[in-house]
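J.: Sharing a structure here in structure tokens format.
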Amino acid sequence: MAVNKTPNLGLHDWLGTEYVKREEIVENFRKIDNEFGASGRVGDLSNKIGILSTADDVLFQNDRSLFLEIDKYKNLRFQQGIATITGVATSNSFFRDADPFVQITLAGYTQINAPNYAVVLDVISSNGDYGNLIIYDKTQNGFKVKMTGSASSVTFIWTLLNPSVA
């Protein structure tokens with residue numbers, strides 16, 4: 012129940028600790044509606060709202076830089092994709108010159124604080140023991156993932172997380 016009232020229209024003016032009743036809100040809207048109706052300024056107010064809406068539309072359509080900047084930071088903070096590492100066939104599966112790897116190229120914007128971003132890997136499927144998947148050579152444009160096991164192939168989902176981008 013509002014104890015305070017506004018000086019001009021006598022609207023309910025609630026304090027932060029007061030309980031707000033629906034009837035008081037409805038009463039406030041009726042007073043405002045009656046005041047505008049009596050003043051004859053409803054059409055004027057509608058025109059001004061329409062002009063502001065049109066101006067906002069023009070600004071946002073002509074100046075997309077705000078949306079592009081937001082999109083940029085979304086892409087910098089979170090990216091996801093699927094990759095497959097194919098093992099190298101050798102006559103002796105115990106020894107090889109290098110671990111099989113895949114290079115992931117990031118789409119869109121570069122990671123401005125490379126290599127200080129995290130990559131999470133989730134294996135979807137593999138043909139054999141894939142051992143460990145190791146992320147290395149993180150750059151602004153991508154990173155590499157190598158497999159230490161003997162699987163003929165391993166497919167995984169990679170997720171780049173970069174909450175430090177400001």
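Its first residue numbered 12, the sequence shown is counted upward by one per residue in the numbering used here.
For glycine and all other residues, C-beta sits at the position ideal for the given N, C-alpha and C.
Since this is a predicted model, take the numbers as computed values, not measurements.
Could you spell out the range, first to last residue, of the beta strand (DSSP E) harbouring D133?
T.: Its beta strand (DSSP E) spans residues A129 to S137.
J.: Only counting the same chain, and skipping five residues up and downstream in sequence, which positions put a Cβ closer than 7 Å to that of N19?
T.: Correct list: empty, nothing qualifies.
J.: Check this for me: beta carbons of R88 and N173, under 8 Å apart or not?
T.: Yes.
J.: In chain order, what residues of the same chain have a beta carbon less than 8 Å from the beta carbon of Y84, not counting five sequence neighbours either side?
T.: Result list for Y84: V176, in chain order.
J.: Could you check where the alpha helix (DSSP H) with S50 kicks off and where it finishes?
T.: R33 to S50 is the span of the alpha helix (DSSP H), which, as asked, contains S50.
J.: My output table needs one value for G153: the three-state DSSP class, helix, strand or coil.
T.: Strand at G153.
J.: Starting from L171 and walking both ways along the beta strand (DSSP E), at which residues does that stretch end?
T.: That run of the beta strand (DSSP E) goes S164 to L172.
J.: Closer than 6 Å by C-beta to N143: which residues in its own chain qualify, once you throw out the five before and the five after it? Chain order, please.
T.: Only T159 meet the Cβ criterion.
J.: Comparing alpha-carbon positions, which option in Q122, I115 and A125 lies nearest T166?
T.: Looking at the Cα atoms, I115 is the closest of the given residues.
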